[in-house]
Amino acid sequence: MTEQQTIKVLKICIAIGICLLVLGHYFISYANLPESMGISGMIISAGCIALGLIFSLPTKMYLTFLLVTRENRHAASNRNNSSNKE
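Counted from 1, the sequence shown has number 90 at position 41 by this note's numbering; the numbering is strictly sequential.
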């Protein structure tokens, strides 16, 4: 898998995670799922939030690491090109 494909997959995982977080918040705050379903509603809401965190946080850290290493490689190649021209 190329770096571009990896970044695209990670961005999709982040989007899924954020959507699950928002869905869990909606279930708790606006749909009143815990009041209508009881403990099952709480479990569903908490599960959405937990899965959202699992999807979004590690992928953000890995994506940041990938982007920083790409930026460092790009800066190093620019320094090498500028020193070769002089």
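For every residue, glycine included, the Cβ atom is placed at its ideal position computed from N, Cα and C.
Just so we're clear, the structure is a prediction, and the values are computed from it rather than from any experiment.
For this session: Could you tell me if F114 is buried or exposed, where buried requires 16 or more neighbouring beta carbons within 10 angstroms of its beta carbon?
Result: Taking the first residue of the sequence shown as 1, we reach residue 114 at position 65. That one is exposed.
Exercise. Do the segment 57-75 and the segment 84-92 make contact, defined as three or more Cβ pairs closer than 8 Å?
Worked result: Too few Cβ pairs lie closer than 8 Å, so no.
Problem set entry | Alpha carbon of G101 to alpha carbon of K60, nearest angstrom | Mapped onto the sequence shown, residue 101 falls at position 52. Mapped onto the sequence shown, residue 60 falls at position 11. Taking the straight line from one Cα to the other gives about 13 Å.
Problem set entry | Span separating the alpha-carbon of L82 from that of R119 | Here residue 82 corresponds to residue number 33 of the sequence shown, with the count starting at 1. Here residue 119 corresponds to residue number 70 of the sequence shown, with the count starting at 1. Distance between the alpha carbons of L82 and R119 is about 44 Å.
Problem set entry | For G90, the three-state DSSP class (helix, strand or coil) | Indexing the sequence shown from 1 puts residue 90 at position 41. Here G90 sits in helix by DSSP.
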